[in-house]
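Notes follow the structure.
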Amino acid sequence: MPHESVPARRSLLKLLAAAPAASALGGLATAAPATAATAATVPGIVKPTPPELFTIRGTNAESRFDAFRSTGLLTPTDRFFVRNHTSTPVLDAATWRLTLWGDGLHGRGPVHLTYGQLRDLPSVTRTALVECAGNGRSLYATQQGETVSGTAWTLGAVGAARWRGARLSDVLRRAGIAADAVDVQPRGLDDEYVTGGVNLGRVRRPLPVAKALDDVILAYEMNGEPLPYDHGYPVRVVVPSWVGIASVKWLGDIEVSTTPLSSPWSTDHYRLFGAAHPPGGSAPITRQTLKSGYELPFGTTLEAGRVHRLTGRAWSALAPVRGVEVSTDGGALWRPARLLDAPRRDGWVRWTVPWRPRRTGPATLLSRTTDAAGNIQPERAVHNTQGYLFNAVVRHPVVVVRDGEPPRTFV
Ligand code: MTE
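With numbering that gives the first Met the number 0 as the guide, the letters of the sequence shown map in order to residues 0 to 410.
Dropping the structure here:
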């Protein structure tokens with residue numbers, strides 16, 4: 000971390016001058032989320048992660064997609080997935096500081112911002128999905144018979160929330176971002192990440208200035224509450240429509256640079272490697288892709304002869320969803336699902352379709368999203384060794400049973 004310098008203090012004074020006098024730090028400190036519950040927790044995750052809402056995968060908790068069925072457009076915190084490289088740090092807003100530093104600042108020295116100063120900046124509120132680049136990864140193996148490395152998510156490494164915070168562009172401008180800055184690199188305050196005996200340092204990933212100045216938020220609220228500990232309290236980055244790794248939690252500092260930056264999260268990880276990609280890997284991945292899924296457990300039973308109101312969600316980071324088609328016979332016949340929400344950028348839509356299965360036995364349900372830019376979920380996703388950006392139509396197994404048979408789940 001760079002040392003304090005005179006120009007930095009000057010920038011800090013500018014920041015202080017820009018902020019109203021009453022930063023209300025005392026009040027904010029008491030706005031911290033409740034302390035950790037003890038029941039049904041995973042080491043390293045503060046909130047409860049009961050099995051009816053989450054599947055635990057190492058240090059991470061995947062949301063059960065079927066648990067979204069009872070929710071609206073926003074994913075309540077109690078069922079929002081957690082992706083932690085290490086563990087959730089319990090930080091204190093009263094002592095938290097954001098440091099901006101690097102040769103891409105006019106003053107060249109670091110600029111500091113307290114939680115109160117950040118909250119005193121004009122706020123923006125917007126709904127955006129956070130989705131892991133590897134969401135759906137396990138389907139490369141189960142559906143396509145391909146080997147990939149990384150957390151074996153099904154479809155639940157995604158959630159939608161209403162984020163409130165300051166614009167990163169406001170913070171960068173007030174800190175004195177230079178006209179020739181090209182990259183910024185937010186870094187988290189969680190522990191350094193050690194994998195395979197190699198210490199990769201703290202989670203950080205470069206973000207081009209063009210995106211940083213566009214729609215990125217330094218969020219301090221999620222769904223109208225202070226950010227929960229597991230989702231980045233007191234402040235996280237939210238980069239709408241980009242892969243989840245860009246949305247750095249527990250933000251501690253941001254490097255601003257006039258030369259391109261890199262980190263293991265933009266070189267070894269979060270690029271596409273494999274036969275279908277350039278020999279050194281693709282460019283670092285940025286935008287998410289498009290997906291859809293049924294809000295049903297895999298392998299669940301449905302009774303024959305009854306009308307089931309099947310529900311699901313569809314989303315695309317490339318353009319608003321235009322439509323969803325479903326097939327209940329493994330892909331022979333397709334029909335449109337009814338959209339329950341007006342499609343919008345960076346959100347998902349809920350959809351529903353009635354189905355009256357006639358024959359008992361295994362069946363495969365499919366859903367296929369089309370977006371306003373003409374993208375459509377393909378039958379197969381293009382393989383990459385780390386299993387990112389799975390976008391293929393998901394083959395959802397269910398079992399149709401005789402009317403009156405008790406419900407079960409076949410795994
Ligand atoms: N930021 C820090 N500091 N540490 C992390 O482990 N995980 C990233 C990102 N930000 C991570 C982080 C990844 S890979 C994802 S998908 C999202 O946070 C997940 O956000 P969530 O846990 O709030 O759902």
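Note that CB positions come from ideal geometry on N, CA and C, so glycine has one too.
Candidates the options: closest to residue i by CA position
i, options, result
"P114", "S262, T87, G251 and A177", "Checking the sequence, you will find Tyr at residue 114 rather than Pro. Nearest of S262, T87, G251 and A177 to Y114, Cα basis: G251."
"W314", "A282, F389 and T359", "F389"
"T363", "G329, V170, T300 and A174", "G329"
"P406", "V392, E302, T384 and L167", "E302"
"T359", "V320, V393, T351 and T300", "T300"
"L413", "L52, D65 and A178", "This structure does not reach residue 413, given that the chain is present from 0 up to 410, and the question cannot be answered."
"A496", "V41, R321 and A274", "Coverage of the chain is limited to positions 0 through 410, which leaves residue 496 absent and any answer about it impossible."
"I216", "G223, V237, P225 and E224", "V237"
"G187", "G200, S291, G195 and T194", "G200"
"R56", "P227, N134, R344 and T368", "N134"
"G43", "P296, D229 and A151", "D229"
"A245", "P283, P227 and H276", "P283"
"L100", "R173, S291 and R125", "Looking at the sequence shown, residue 100 is not Leu but Trp. Nearest C-alpha to W100: R173."
"M221", "R367, L128 and P88", "L128"
"T288", "V41, E51 and A372", "A372"
"D340", "W350, L332, W333 and R334", "W350"
"A275", "A380, V183, E130 and F53", "A380"
Helix, strand or coil at residue i [DSSP, three-state]
i, result
"T124", "strand"
"H84", "coil"
"Q143", "helix"
"T54", "strand"
"D402", "coil"
"A66", "helix"
"Y293", "strand"
"I216", "strand"
"W166", "First, the amino acid is wrong: residue 166 is Arg here, not Trp. Correct three-state label for R166: strand."
"V392", "coil"
"A160", "strand"
"Y232", "coil"
"A151", "coil"
"A93", "coil"
"V110", "strand"
"Q116", "helix"
"L72", "coil"
"V181", "coil"
"A282", "coil"
"L138", "helix"
"L171", "helix"
"A209", "helix"
"R203", "strand"
"P32", "Confidence is the limiting factor: at P32 the pLDDT is only 36, short of 50, which leaves the residue's position unreliable, though a coordinate-based value still follows. If DSSP states are grouped into helix, strand and coil, P32 belongs with coil."
Distance cut-off 7 Å: residue i Cβ against heavy atoms of ligand 1
i, result
"K423", "The question about residue 423 has no answer, for the chain in this structure spans 0 to 410."
"G243", "yes"
"F79", "yes"
"V129", "yes"
"G195", "no"
"R125", "no"
"G187", "yes"
"V323", "no"
"N390", "no"
"A229", "Per the sequence shown, the amino acid found at residue 229 is Asp instead of Ala. Indeed, a heavy atom of ligand 1 lies less than 7 Å from the Cβ."
"N83", "yes"
"G158", "yes"
"V255", "no"
"V202", "yes"
is_contact[residue i, chain D] using C-beta, thresh 8 Å
i, result
"R186", "Of the protein chains in this structure there is only one, and it is not chain D."
How do the segment 107 to 122 and the segment 71 to 83 stand: do at least 3 beta-carbon pairs fall below 8 Å, yes or no? no
Flag this pair as touching only if the segment 268 to 283 and the segment 375 to 394 have three or more C-beta atom pairs under 8 Å; answer yes or no. yes
Report the start-end ranges of each beta strand (DSSP E) in the segment 236 to 264 that is 3 residues or longer and not cut off at the edges. 250 to 256
With a floor of 3 residues, list each beta strand (DSSP E) that falls wholly inside the segment 305 to 392, ordered by position along the chain. 307 to 315, 320 to 326, 347 to 354 and 360 to 370
Count Cβ pairs between the segment 148 to 157 and the segment 120 to 136 that sit closer than 8 Å; are there 3 or more? yes
Does the segment 82 to 99 come within contact of the segment 249 to 266, defined as at least 3 CB pairs closer than 8 Å? yes
Given 8 Å, three or more beta-carbon pairs between the segment 137 to 151 and the segment 63 to 71: no
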